[in-house]
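Visitor: Dumping the structure here so I can ask a few things about it.
There are 2 protein chains.
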Amino acid sequence: MTEYAGQGEAMRTLELLWGKAASPKRGPSQKTSVGEIVTTAIGIADSEGLSGVTMRAVGRELNRTAMSLYTYVPGRDVLVTLMYDQVHAELSGPPKTGHWRKAILTWSERLRELYSRHPWLLEVSQARPALGPHEQEVLEGLLRILAGAGVATAVRPSVTSALYSIVREAAKRKVEAAAESEQGAEWWAERAKALDAVAPDFAERFPESVAIARRQSRSGDQPWLKAAEESFTGAITLLLDGVEARSD
Amino acid sequence: MTEYAGQGEAMRTLELLWGKAASPKRGPSQKTSVGEIVTTAIGIADSEGLSGVTMRAVGRELNRTAMSLYTYVPGRDVLVTLMYDQVHAELSGPPKTGHWRKAILTWSERLRELYSRHPWLLEVSQARPALGPHEQEVLEGLLRILAGAGVATAVRPSVTSALYSIVREAAKRKVEAAAESEQGAEWWAERAKALDAVAPDFAERFPESVAIARRQSRSGDQPWLKAAEESFTGAITLLLDGVEARSD
DNA sequence: TATTACTCCTTACGTTGTATAGTGTTCTTC
DNA sequence: GAAGAACACTATACAACGTAAGGAGTAATA
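Read top to bottom, the protein sequences are chains U and D.
Residue 1 is where the first sequence starts when you use UniProt numbering, and the numbers rise one by one after that.
Residue 1 is where the second sequence starts when you use UniProt numbering, and the numbers rise one by one after that.
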């Protein structure tokens, strides 16, 4: 490994994120690349979850040992950071045109779809200001829409925070719903019976929760998915109404 | 372990969540309890993060072996679920009175403070419909406020989702900010230099992001904390404005 | 009193991330 | 061209993890 003038791992991680890692000048030619490793790891995460991404598993996929990966990447944590930034590249595209409300809704939906394609994103620790280029590009895209719409600078962080939040929450519910539909109806019936046995007063203690659950279960054959969809667009509409009320 | 009539682990987890696990009728008296184990585990998580909560560490704290914990709790995952529900008990209190906007803001702030006290909540996987009593109580509290305010039933899931989202996002930023202020100013300067070396065109590529970051760094000696605070109340205000616009 | 159900402990297994050391390859320098 | 530095990769090893299996001791039941 090259020396990094004492700048530590933060510098190394930034270099990797921005594809600016210096290529080696001597020694045997590398048999793979950071990009290939990250792509492979993403593939594993997509199909087996983040816990499936072990150094050994990634190495095996590339016909290499786990330890050889440490030539490219300083450790598993950084690999996950790189994966996180890399998938955000899927959202890069032409700038949105049209009405800003529509643009924001589209932005939100695209981000949510990203989370659906890569559910493991929800397992990645959020306490991590990575500053990767693709993640940053996504944020910048939203800020541009807000700026173009004439939303006051002071309000933009709030809107941004709220939108990200709503998208992630919606993605969570969608992932949950998918996992749950795998379980089958029998599992649900059993669980409901168990809950009743353990908390017979559930409906009395939590009438509002039960009312909403019942309301949602009436809306079609995929109740959870539909409910998630509705509360997603509903929440965004609400937020944008608030923004608009503020602009006046 | 008692047999659970083939109902599996879901039943066992629900019993533990609701404190309805049957106490043993024979054998030596138990030297600890589920509650003590959960409390101990929460203490460890508070001070060392969720990764510090190992079966061995919890056992050590209670002068017991890791394996003895399996008498009380079927495994680490369920222990984490119990921890998650348990801390939500800290929010139980008298129902809020006064204007509903104020009540919702208070609810949100209390939840955010819970996340601040227990930052590891953000590390807990959200893809998990636990149905624990304390978590449910918190949700029910919010729904009651909404119902009392006359917010339409159809809108409540949206508002709920958005509020939870905003709170969690704000907590994330607060946790980040705390972790970052530990790092000291030198670390930040170094990191800024590294970013400039790696992405000299950062300010040109992401002008809106940079503008906001600059704006936020002007607002006092704890820029991150203040920014988080502002975007938190800002986002909620925005959302409630939207709700109000909808009620008309 | 014998049996049963239970708690707790010891031991052990497989898996993880990664430190260390060694082998062989390629570029640089003399 | 030869020597040596810089590198890629492998093999081995270690500590820590969750937890399965088995056994010793204890208390209620029959």
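The C-beta atom is built at its ideal place from N, Cα and C for all residues, glycine as well.
1. Is there at least one Cβ from chain D nearer than 8 Å to SER231(U)'s Cβ?
2. Taking the alpha carbon of GLN136(U) as the point to measure from, which residue in PHE202(D), ARG156(D), TRP188(D) and ALA178(D) has its own alpha carbon closest?
3. Would you say GLU15(D) reaches chain U, if we count a Cβ-Cβ gap shorter than 8 Å as a contact?
4. Just verifying my parser: in three-state terms, what is the DSSP assignment at ASP201(U)?
5. Quick one, which of THR65(U), GLY59(U) and LEU82(U) has its alpha-carbon nearest GLY19(U)'s?
6. Between the alpha carbons of VAL175(D) and ILE37(D), how many angstroms are there, rounded?
7. Using the Cα positions of GLN126(D) and PRO28(U), report the straight-line distance between them to the nearest angstrom.
8. Evaluate MET67(D) with the Cβ neighbour count: other Cβ atoms within 10 Å of its Cβ, from every protein chain shown; 16 or more gives buried, anything less gives exposed.
9. Just to check, is the beta-carbon of GLY19(U) closer than 7 Å to a non-hydrogen atom of the ligand FMN?
10. Nearest to ALA10(U) by alpha carbon, out of TYR115(D), ARG205(D), ARG101(D) and GLU186(D)?
11. Rounded to whole angstroms, what's the CA-CA distance from residue 306(U) to ALA147(D)? Just pull it up for me.
12. Please identify the residue among VAL78(D), GLY98(D) and TYR84(D) whose C-alpha is closest to the C-alpha of LEU114(D).
13. When you compare only the Cα positions, how much space is there between GLU140(U) and PHE206(D)?
14. Check GLY234(D) in the structure and name its three-state DSSP category.
15. So which residues of chain D does LEU79(U) contact, with C-beta pairs closer than 9 Å?
16. By the 10 Å Cβ neighbour count, where 16 or more other Cβ atoms means buried, how is HIS99(D) classified, buried or exposed?
17. Grab the span of the alpha helix (DSSP H) containing PRO24(U) for me, first residue to last.
18. From LEU239(D) to GLU244(U), what does the alpha carbon distance come to, in whole angstroms?
19. With DSSP run on the structure shown, which of helix, strand or coil describes LEU173(D)?
20. Against chain D, with Cβ distances strictly below 8 Å, would ILE42(U) count as a contact?
21. Is the number of C-beta pairs between the stretch 158-175 of chain D and the stretch 101-116 of chain D that are closer than 8 Å three or more?
22. When DSSP labels each residue in this structure, what does HIS118(U) get in the three-state scheme?
23. Let me know the secondary structure DSSP gives GLN136(D) once reduced to three states.
24. Could you pull the start and end residues of the alpha helix (DSSP H) that TYR84(U) belongs to?
25. Tell me which residues of the stretch 30-57 of chain D have at least one Cβ-Cβ distance to chain U shorter than 8 Å, keeping chain order.
26. Which word fits GLN30(D), buried or exposed, when buried means at least 16 other C-beta atoms lie within 10 angstroms of its C-beta?
27. Please list, in chain order, the chain D residues whose beta carbon lies closer than 7 Å to that of TRP18(U).
28. Examine chain U for any beta-carbon lying closer than 8 Å to the beta-carbon of TYR70(D), and answer yes or no.
29. Which of the three DSSP states is assigned to TYR72(U) in this structure?
30. Between the C-alpha atoms of THR40(U) and ALA154(D), what's the straight-line distance to the nearest angstrom?
31. Looking at the secondary structure, which residues open and close the alpha helix (DSSP H) in which MET55(U) lies?
32. Taking only the alpha-carbon atoms, compute the straight-line gap between SER23(U) and SER47(D) and give it to the nearest angstrom.
33. Go ahead and pull the three-state DSSP assignment for LEU105(D).
34. Should ASP85(U) be flagged as near chain D, meaning a C-beta pair shorter than 8 Å?
35. Quick check on MET11(U) - is its C-beta less than 8 Å from some C-beta in chain D?
36. Please check if any C-beta of chain U sits within less than 8 Å of the C-beta of LYS96(D).
Guide: Taking the geometry as given:
1. So, interface residue.
2. PHE202(D)
3. yes
4. coil
5. LEU82(U)
6. 26 Å
7. 45 Å
8. So MET67(D) ends up on the exposed side.
9. The model depicted lacks the ligand FMN and carries no ligand whatsoever.
10. Looking at the Cα atoms, GLU186(D) is the closest of the given residues.
11. Residue 306(U) is absent from the structure shown; chain U starts at 1 and stops at 248.
12. TYR84(D)
13. Our two residues, GLU140(U) and PHE206(D), have alpha carbons roughly 6 Å apart in a direct line.
14. helix
15. The premise fails here: LEU79(U) is roughly 17 Å from chain D at the closest Cβ pair, so nothing lies under 9 Å.
16. Exposed: under 16 other Cβ atoms inside 10 Å.
17. No alpha helix (DSSP H) holds PRO24(U); DSSP gives it neither H nor E.
18. Taking the straight line from one Cα to the other gives about 11 Å.
19. A small correction: the amino acid at residue 173(D) is Arg; Leu does not occupy that position in the sequence shown. Looking at ARG173(D) - three-state DSSP - the assignment turns out to be helix.
20. It does not: the Cβ of ILE42(U) has no partner Cβ on chain D nearer than 8 Å.
21. yes
22. coil
23. helix
24. 76-87
25. Within the stretch 30-57 of chain D, no residue has a Cβ that lies closer than 8 Å to any Cβ of chain U.
26. Within a 10 Å sphere around the beta-carbon of GLN30(D) sit fewer than 16 other beta-carbons, which makes this residue exposed.
27. Simply VAL198 and ALA199.
28. Closer than 8 Å: no.
29. coil
30. 43 Å
31. 55-61
32. 41 Å
33. It is helical.
34. no
35. yes
36. no
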